[in-house]
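Chemist: Those sequence lines, one after another, are chains A and B. For what it's worth, this note's numbering labels the leading residue of the first sequence as 85, then goes sequentially. For what it's worth, this note's numbering labels the leading residue of the second sequence as 399, then goes sequentially. Beta carbons are placed, not taken as given, at the ideal position from N, Cα and C, and that holds for glycine.
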Amino acid sequence: MIVSAHGHLFTSLFFFGFIALSLGLTWWSMRRARDAAGFFVAGRRLTGWQNGLAISGDYMSAASFLGIAGLVSLFGFDGLLYSFGFIVGWVVIVLLVAEPLRNSGKYTLSDVMAFRLRARPVRAAAAVSSVTIGLFYLLAQLVGAGAIASLLLPIQPDNAIILVGILMVVYVLFGGMVATTYVQIVKAVLVFGATMFLTVLLMSRFNFSVDALLSAAATASGKGDAFLEPGLYFTNKLDLVSLGLGLALGTAGLPHIMMRFYTVPVAKDARTSANWVIGVVGLYLVMTTVLGFGAAALVGRNTIIAANKAGNSAAPLLALQLGGGQGTLGGEILVAFISAVTFATILAVVAGLIIAAATNIAHDVYTHVIKAGASSEKTEVKVAKLATIAVGVAAIALALVTKSLNVAFLVGLAFAVAASANLPVILYSLYWKRFNTTGAVAALIAGVASAVGLVLVGPAVIGPKGLMLTDVQPLISLINPGIISIPIGFLAGWLGTVLTARDLTSEERFLALQVRALTGFGSEQGAKSH
Amino acid sequence: MALSETMPGGVGHAGASQIPLPLADKTGANAIVKEIARRRVQVVLPLFLCSFAAYVTTLLALSYFPGLVGHKMFGSINLAYVLALAQFAITFLTAIIYALWARRAIDPLVSDAFAILGRAPAMGSVR
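In structure tokens form, the structure reads like this:
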């Protein structure tokens, strides 16, 4: 733990303040989240910038706030890959996916696929991939919550996981997408503000010279110029490229991010949302790397590692230092605020993940696969609420079991599955006339199987640095499967299509999809304002 | 048959498969859609390929040309750092170019398509 007992008092005050505010927002959202569109997509009434901020909130996770700063503080330049890999993913979204998706779908990514392909097999396969992505991501966040809680708050990891789990279920259960969105927006503003404040405070110590900051970081790291060059973290060159591809191509296949585009009234607002994300998240990601270099320069490697081996404490320790140091009121208030904000961010991100998974289960699996489309909206919401509880309980249980394992690779894996399974099918559905159901199912299955399979036989799971079989050599040396699994996903989709008969219905419906995707004609409409 | 009669609802609970097809050519909407698609291929595709190529080149340079990217450009700021920041700049620029272009070249066509169909884009649909 980083701070003293009365530091914890400040943290608790900030933290409970945020919980109270978020529960207030949930209560206020209840009325608007009652019907299906309200529950799943906030009635499609958000403005472009509101949705943009909410998506930005999804990116300002503990993994980016603590993780990127920590990685940069310990390994220098290599930590930057995560930051610019995340932002490049938005090129794919803004140019190719956001607007057509908003126009064509209803609640989930699979809607776009099912518009022209046979709904049941495609939705079933897509649900497997989307729920897999959601669970990996959820697990990484919850285990992270436990670790971070014990670092920053006077609370046991187990209790932290259960507390976060229960709160997220409450937000989603009662407030649906409306509450999830507003909690996310409030948090995004808090995290962005905190990051900005720390960055300005930090840069003022270096007369706002990036050059001076970087030299100080390089000198303090003991590695000299090598600290500012690639190679300290990614010792396998191909792994850097592989992770980079996964991050950039996976974003457009993340169910919890993409379903947010349904929360705005028209496609133009989807474009506006994406532009807001690029602006806000771009600035934020640059600042987190600056904070990482700042922590390397001012806090120092030894102190950071002493608090947490993975470097997760770099940002809070830097806050302590910038506020005046250990034992000062300024230092303790600042670190308390940062700790509480970090916890708030986990809560909001986890709520966004769980509503996405619940929507996949209710809308895709229950309504369209089990009931073949014959289910009322009321039932769909009811099933989604049950799914929220079920996914919540499952995620909490899994997180409690795996909490001592290093599951940081799960976020990278979630991106790889999204890039290898969801992305090929979305792009083919939107832009390739000949595409058919067999191709879609082949891409989804091959994408999920190759991404997960490669990680299972790779160094993150087996071998000396893995979770099990530590005396066996991993079958492949790549931690990140993207460079192999993404081409496999695209290839499977192509082969599955060209090796099977042409599906004339799919090709005809492609024309209808094109009209709808490009003009928004016939698209789902937002709820009327009150 | 008017286009509006051929495409009610959307992918609602009745199932997407119940939307009648194909679109009537005579409405002229198809020509507009083709034009939108053509313009997107002309502008969006090159924009995407350029920015993605820049990204992949950067990844490869960072992995396989450590000597090159370690070259210092301004004080302790090396090429690697400049390339990393350039990814943000390229993404910002791509988004700005696309938004400005779409507002001028795509949005009016979308309004035209809706005008033909006798609706305004932002208004609630008949359900």
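Measure the alpha-carbon distance for residue 621 of chain A versus residue 261 of chain A and round it to whole angstroms.
Modeler: The structure shown has nothing for residue 621 of chain A, since chain A only spans 85 to 614.
Chemist: Just checking my contact of residue 330 of chain A with residue 499 of chain A at CB under 8 angstroms: how many whole Å lie between their CB atoms?
Modeler: For the purposes of this step, residue 330 of chain A is taken as residue 246 along the first sequence, with counting starting at 1. For the purposes of this step, residue 499 of chain A is taken as residue 415 along the first sequence, with counting starting at 1. That belief holds up - the Cβ atoms of residue 330 of chain A and residue 499 of chain A are roughly 5 angstroms apart, short of 8 angstroms.
Chemist: Does DSSP put residue 469 of chain A in a helix, in a strand, or in coil?
Modeler: As a first step, residue 469 of chain A is located in the first sequence; it is residue number 385 there, counting from the start. In this structure, residue 469 of chain A counts as helix in the three-state DSSP scheme.
Chemist: Please compile the residues from chain A whose C-beta is within a distance smaller than 7 angstroms of the C-beta of residue 485 of chain B.
Modeler: Within the second sequence, numbered from 1, the residue matching residue 485 of chain B stands at position 87. Those are 168, 171 and 172, listed as they occur along chain A.
Chemist: Taking the alpha helix (DSSP H) that residue 199 of chain A falls in, what are its first and last residues?
Modeler: As a position in the first sequence, residue 199 of chain A is number 115, starting the count at 1. Annotation: the continuous alpha helix (DSSP H) that includes residue 199 of chain A extends over 194-200.
Chemist: Starting from the N-terminal side, write out each stretch of the alpha helix (DSSP H) that is 4 residues or longer and does not extend beyond the stretch 499-574 of chain A.
Modeler: 507-515 and 521-540
Chemist: Taking the C-alpha atoms as reference points, what is the distance between residue 560 of chain A and residue 569 of chain A?
Modeler: By 1-based counting over the first sequence, the position of residue 560 of chain A is 476. By 1-based counting over the first sequence, the position of residue 569 of chain A is 485. The straight-line gap from Cα to Cα measures roughly 13 angstroms.
Chemist: Determine, using beta carbons only, whether residue 515 of chain B comes closer than 8 angstroms to chain A.
Modeler: On the second sequence, position 117 is the one that residue 515 of chain B refers to. Cβ-Cβ to chain A under 8 angstroms: yes for residue 515 of chain B.
Chemist: What are the residues that DSSP puts in a beta bridge with residue 472 of chain B?
Modeler: Start at 1 with the first residue of the second sequence, and residue 472 of chain B comes out as number 74. Partner(s): B:475.
Chemist: Given a cut-off of 8 angstroms, decide if residue 187 of chain A and residue 456 of chain A are closer than it, judged by their beta-carbon atoms.
Modeler: The residue labelled residue 456 of chain A in the question sits at position 372 within the first sequence. The residue labelled residue 187 of chain A in the question sits at position 103 within the first sequence. No, the Cβ-Cβ distance between residue 456 of chain A and residue 187 of chain A is not below 8 angstroms.
Chemist: Is any beta-carbon of chain B found at less than 8 angstroms from that of residue 241 of chain A?
Modeler: Working through the first sequence from its first residue, we reach residue 241 of chain A at position 157. No, residue 241 of chain A does not count as interfacial toward chain B.
Chemist: If you pair each beta-carbon of the stretch 200-212 of chain A with each one of the stretch 354-366 of chain A, do three or more pairs fall below 8 angstroms?
Modeler: no
Chemist: Might you give, ordered along the chain, the residues of its own chain that have their beta carbon closer than 6 angstroms to the beta carbon of residue 558 of chain A, omitting 5 neighbours on each side?
Modeler: To locate residue 558 of chain A, count along the first sequence from 1; it is residue 474. 542, 543, 546 and 547.
Chemist: Which residues of chain A have a Cβ atom closer than 9 angstroms to the Cβ of residue 445 of chain B, listed in chain order?
Modeler: What you label residue 445 of chain B is simply residue 47 of the second sequence in a count that begins at 1. The contacting residues are 175 and 179.
Chemist: Could you pull out every residue in the same chain whose Cβ sits closer than 7 angstroms to the Cβ of residue 434 of chain A, ignoring the five residues on either side in sequence?
Modeler: On the first sequence, position 350 is the one that residue 434 of chain A refers to. Counting only Cβ-Cβ distances below 7 angstroms, and skipping sequence neighbours, we find 222, 225, 226, 248 and 252.
Chemist: Please compile the residues from chain A whose C-beta is within a distance smaller than 9 angstroms of the C-beta of residue 478 of chain B.
Modeler: What you label residue 478 of chain B is simply residue 80 of the second sequence in a count that begins at 1. 161, 164, 312, 313 and 314, listed in chain order.
Chemist: Please list the terminal residues of the continuous alpha helix (DSSP H) segment that includes residue 187 of chain A.
Modeler: Your numbering for residue 187 of chain A matches position 103 in the first sequence. Segment 182-188, the alpha helix (DSSP H) holding residue 187 of chain A.
Chemist: With DSSP collapsed to three states, give me the class of residue 95 of chain A.
Modeler: Translated into the one-based positions of the first sequence, residue 95 of chain A becomes position 11. Here residue 95 of chain A sits in helix by DSSP.
Chemist: Does DSSP put residue 653 of chain A in a helix, in a strand, or in coil?
Modeler: Outside the shown range of chain A, which is 85 to 614, sits residue 653 of chain A, and nothing can be said about it.
Chemist: Beta-carbon separation of residue 430 of chain A and residue 229 of chain A under 8 angstroms?
Modeler: Working through the first sequence from its first residue, we reach residue 430 of chain A at position 346. Working through the first sequence from its first residue, we reach residue 229 of chain A at position 145. Yes; because the gap between Cβ atoms is below 8 angstroms, this pair is in contact.
Chemist: Mapping DSSP to helix, strand and coil, what is residue 514 of chain B?
Modeler: Your numbering for residue 514 of chain B matches position 116 in the second sequence. In this structure, residue 514 of chain B counts as helix in the three-state DSSP scheme.
Chemist: Of all the CB atoms in chain B, is at least one closer than 8 angstroms to the CB of residue 599 of chain A?
Modeler: Mapped onto the first sequence, residue 599 of chain A falls at position 515. Yes, contact with chain B.
Chemist: Would residue 339 of chain A be called buried (16 or more neighbouring beta carbons within 10 Å of its own) or exposed?
Modeler: Position 255 of the first sequence, counted from the start, is the residue given in the question as residue 339 of chain A. The residue in question, residue 339 of chain A, is buried, as its Cβ has 16 or more Cβ neighbours within 10 Å.
Chemist: Give the residues of chain B in contact with residue 294 of chain A, contact being defined as C-beta atoms less than 9 angstroms apart.
Modeler: For the purposes of this step, residue 294 of chain A is taken as the residue at position 210 of the first sequence. Correct list: 472, 473, 474, 475 and 479.
Chemist: Out of curiosity, what's the CA-to-CA distance linking residue 470 of chain B and residue 483 of chain B?
Modeler: Against the second sequence, residue 470 of chain B aligns to sequence position 72. Against the second sequence, residue 483 of chain B aligns to sequence position 85. Answer to the nearest angstrom: the Cα atoms are 15 angstroms apart.
Chemist: Looking at residue 301 of chain A and the ligand SAM, is the gap between the Cβ and the nearest heavy atom below 7 angstroms?
Modeler: Ligands are entirely absent from the displayed structure, and the ligand SAM is therefore not among its contents.
Chemist: Does any CB atom of chain B fall closer than 8 angstroms to the CB of residue 362 of chain A?
Modeler: Along the first sequence, read from residue 1 onward, the residue named residue 362 of chain A stands at position 278. At least one CB atom of chain B sits nearer than 8 angstroms to the CB of residue 362 of chain A.
Chemist: Judging by CA-CA distance, which residue of A:231, A:214, A:471 and A:152 is the nearest neighbour of residue 501 of chain A?
Modeler: Your numbering for residue 501 of chain A matches position 417 in the first sequence. Of A:231, A:214, A:471 and A:152, the residue nearest in Cα terms is A:214.
Chemist: Please state the DSSP three-state secondary structure of residue 405 of chain A.
Modeler: Locating residue 405 of chain A in the first sequence gives position 321, counting from the first residue. In this structure, residue 405 of chain A counts as helix in the three-state DSSP scheme.
Chemist: Listed from N- to C-terminal order along the chain, which residues in the stretch 270-304 of chain A have their beta-carbon within a distance smaller than 7 angstroms of any beta-carbon of chain B?
Modeler: 294, 295, 298, 299 and 302
Chemist: Hey, residue 192 of chain A and residue 555 of chain A: beta-carbon distance below 8 angstroms or not?
Modeler: For the purposes of this step, residue 192 of chain A is taken as the residue at position 108 of the first sequence. For the purposes of this step, residue 555 of chain A is taken as the residue at position 471 of the first sequence. Going by C-beta atoms, residue 192 of chain A is not nearer than 8 angstroms to residue 555 of chain A.
Chemist: State the Cα-Cα distance for the pair residue 507 of chain B and residue 442 of chain B, rounded to the nearest angstrom.
Modeler: Position 109 of the second sequence, counted from the first residue, corresponds to residue 507 of chain B. Position 44 of the second sequence, counted from the first residue, corresponds to residue 442 of chain B. So the two alpha carbons sit approximately 16 angstroms from each other.
Chemist: Counting Cβ pairs, one atom from each stretch, are 3 or more of them under 8 angstroms apart for the stretch 96-110 of chain A and the stretch 414-429 of chain A?
Modeler: yes
Chemist: Roughly how many angstroms separate the alpha carbons of residue 475 of chain A and residue 465 of chain A, rounded to a whole number?
Modeler: Here residue 475 of chain A refers to the residue found at position 391 when the first sequence is read from its first residue. Here residue 465 of chain A refers to the residue found at position 381 when the first sequence is read from its first residue. Roughly 15 angstroms between the two C-alpha positions.
Chemist: For a test of the three-state rule: what should DSSP assign to residue 261 of chain A, helix, strand or coil?
Modeler: The residue you call residue 261 of chain A lines up with position 177 of the first sequence. Residue 261 of chain A falls in the helix class under three-state DSSP.
Chemist: Would you give the residue range spanned by the alpha helix (DSSP H) that residue 438 of chain B belongs to?
Modeler: Here residue 438 of chain B corresponds to residue number 40 of the second sequence, with the count starting at 1. For residue 438 of chain B, the enclosing alpha helix (DSSP H) starts and ends at 427-462.
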